[in-house]
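Below is one structure; the comments refer to it alone.
There are 2 protein chains.
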Amino acid sequence: MPLDYLSQNRAYEGEQFVCSHQSRETGTEMTFSVYVPPHMPGIKLPVLWYLAGLTCTHENVTEKGEYRRACAEHGIVFVAPDTSPRGEDVPDADEYDFGKGAGFYVDATQEPWAKHYRMRSYIEQELPEVIAAEFPVDLERQSITGHSMGGHGALTIGLRNPDRFRSVSAFSPIVAPSQVPWGEKALGRYLGEDRAAWREYDAVALIEDGARLDHLLVDQGTADNFLEEQLKTGTLSMACAKAGMSPEIRMQQGYDHSYYFISTFMAEHVAWHAERLGA
Amino acid sequence: MPLDYLSQNRAYEGEQFVCSHQSRETGTEMTFSVYVPPHMPGIKLPVLWYLAGLTCTHENVTEKGEYRRACAEHGIVFVAPDTSPRGEDVPDADEYDFGKGAGFYVDATQEPWAKHYRMRSYIEQELPEVIAAEFPVDLERQSITGHSMGGHGALTIGLRNPDRFRSVSAFSPIVAPSQVPWGEKALGRYLGEDRAAWREYDAVALIEDGARLDHLLVDQGTADNFLEEQLKTGTLSMACAKAGMSPEIRMQQGYDHSYYFISTFMAEHVAWHAERLGA
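Protein chains in written order, with my numbering: chain A, 24 to 302; chain B, 24 to 302.
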């Protein structure tokens, strides 16, 4: 399928692209952004995936994430997909935390969501093929990060595919969606009431069930309004401790849930991934 | 007059504020953003003013300018005002390049604009008082920058007040508004048809009339769609050469007029000002 190039802007000597394509997984047109840093012609670069949070599109991190400087310095391609299928044909719930803008990186099994809400397969299978066909990326060197719902996405995709990602990080992630209101609502409606089906979409449950990550970094602001009710970072710390994992989980004093927080620590995340990507 | 704090977010160990206040100059409520970097209690910091371009508010650079990292590193307060008066009482033209969002940093003399469109006095007189009363800034150490119409603002305010600003820089500025469509329209309507009155709002004319700057840095993208018709960077280069000024005017290959361009070179501008501010 051909890509439509919606925009291209020079930045930090590289190029920031925004593209759209017809997705086989979601059955809709999907938009994403890709930053390609300056590089020697002919070489292939490691890639860092960034999954956004509730209500977001590719735009939020592309405008406010402050990743380009670090990606240019380390020679890393940065890909930011949308958070759900879009379009008039796609069922929606008119709620900020379910439906459009809230795909939760699952393949829905329940109606009317199952046809289009296939963000897991879109991110895990389709988009890497699309990116590799069009941009100079080396799929042997991938890492993944994300924010909030997208932190949940990064953790669960990483835990299910430990051989595919050299490193996983997250900003203020939902770590145990089965145990919090956002997650119970989304997983219950997309996947149905049988909670056993939720476990592969829950980072803490995946770890309890045996999944492991060698390289995991989490930043969480202490002034984040969602920390107590929705994010519950401590649940991840405990699950990792029980499992013998040694993640870096950093509580950042005074930071909230916004892109002001993300942008502050983005360069550190990119540098941390770069080390593990050999970039 | 008390300030309303609309938001406060921790970023790079400092605080990003957005505030509004009732302005005596514009007779309207005005909104601006201020980034205060981490600093020792009790000390006063140098300040860098950033004037935005057509259609912008304080938000554009606050979200997309990527200045906080450099300002935190150098200990500089960064202030981003709006580009015009706002509100239902303010006359508008329903055009992107005149009226609201397009104050051109002038004190209008023509009706119906004269009452509210007083962005020159707002930026030169009122806002520094407001900022100094509320934030830890040292008005003995000021520098100014801006983009496009705001680059025009930075250049002309700097040229009229050479003792007040240690350094002046601009991204893709309108350098000779009297000679280009955007400027002819705006200056003609705000100031009337007598072009003599335009000269104090035209950087090239100010230099021709004897104004000088010791420290001037301009970055201009070569792929900027407005370069030939509206910006005419070469006109500034020639005026400076005739006047014996030695600015740094850098043509940046392949960059356009967007915040992708601005953010790429923002840290260099902040560092350049920091050197001259003793920051």
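In this text, a Cβ means the ideal position worked out from N, Cα and C, and glycines have one as well.
The structure presented is a predicted model; accordingly, all values stated were derived computationally and were not measured.
query: Please report whether the beta-carbon of B/ALA297 lies at a distance below 8 Å from any beta-carbon of chain E.; result: Structure shown: chain E not included; protein chains present are A and B.
query: Name, please, each residue of chain B whose Cβ falls closer than 9 Å to the Cβ of A/GLU86.; result: GLU86, LYS87 and TYR282
query: Would DSSP call B/ALA103 helix, strand or coil?; result: strand
query: What are the residues of the segment 117-144 of chain B that lie near chain A, defined by any Cβ-Cβ distance shorter than 9 Å?; result: none
query: Using a C-beta to C-beta distance shorter than 8 Å, which residues of chain A count as neighbours of B/ASP279?; result: ASN32 and ARG33
query: For the alpha helix (DSSP H) that B/PHE288 lies in, which residues bound it at each end?; result: 282-300
query: Please decide whether B/ALA246 counts as near chain A, where near means a Cβ-Cβ distance under 8 Å.; result: yes
query: Who are the near neighbours of B/ILE146 in its chain, counting only those whose CB is closer than 8 Å to its CB and skipping five residues on each side?; result: TRP72, LEU74, PRO104, TYR128, GLY176 and ILE180
query: Can you check which of these residues, B/VAL191, B/ALA155, B/GLU231 and B/ALA209, is closest to B/ASP237 by C-alpha distance?; result: B/VAL191
query: Flag B/GLN243 as yes if its beta-carbon sits less than 8 Å from any beta-carbon of chain A, otherwise no.; result: no
query: Just the chain B side, please: which residues come within less than 9 Å of A/SER286 by C-beta, in chain order?; result: ALA34, TYR35, GLU89, ARG91 and ARG92
query: Just to confirm, are A/ALA93 and A/VAL293 a CB contact at a threshold of 8 Å?; result: yes
query: With a threshold of 16 other CB atoms inside 10 Å of the CB of A/ILE66, please say whether the residue is buried or exposed.; result: exposed
query: Using 8 Å as the limit for Cβ to Cβ distance, is B/GLN148 near chain A?; result: no
query: Would you call A/ASN248 buried or exposed, if buried means 16 or more other Cβ atoms sit within 10 Å of its Cβ?; result: exposed
query: When the distance is taken between beta carbons, is B/THR51 closer than 8 Å to B/VAL113?; result: yes
query: Any beta carbon from chain A within less than 8 Å of B/GLN39's own beta carbon?; result: yes
query: Can you grab the Cα-Cα spacing for the pair A/GLU216 / A/PRO204, in whole Å?; result: 14 Å
query: Nearest to A/TYR283 by alpha carbon, out of A/SER43, A/ALA116, A/HIS170 and A/GLU118?; result: A/HIS170
query: Please state if the CB of A/PHE194 and the CB of A/GLY174 are separated by a distance shorter than 8 Å.; result: yes
query: Is B/THR258 closer than 8 Å to B/LEU250 when the C-beta atoms are compared?; result: no
query: Compute the beta-carbon to beta-carbon distance between A/ARG212 and A/LEU300, rounded to the nearest angstrom, for a pair I have assumed lies under 8 Å.; result: Not really, about 36 Å apart at Cβ, beyond 8 Å.
query: Taking only three categories from DSSP, how would you classify A/TRP136?; result: coil
query: Can you tell me where the beta strand (DSSP E) holding A/ASN248 begins and where it ends?; result: Per DSSP, A/ASN248 belongs to no beta strand (DSSP E) and is neither H nor E.
query: Kindly indicate which three-state DSSP category B/GLN276 falls into: helix, strand or coil?; result: coil
query: Once the 5 residues before and after A/GLY110 are set aside, which same chain residues still bring their CB inside 7 Å of it?; result: THR51 and GLU52
query: Alpha carbon to alpha carbon, what distance is there between A/GLU82 and B/PHE55?; result: 23 Å
query: Helix, strand or coil for B/HIS175? Go by DSSP, reduced to three states.; result: helix
query: When DSSP labels each residue in this structure, what does A/ARG189 get in the three-state scheme?; result: strand
query: Can you look up B/TYR145 in the DSSP assignment and give me helix, strand or coil?; result: helix
query: Is B/ALA156 buried or exposed, if buried means 16 or more other CB atoms sit within 10 Å of its CB?; result: exposed
query: DSSP state of A/ARG109, grouped into three classes?; result: coil
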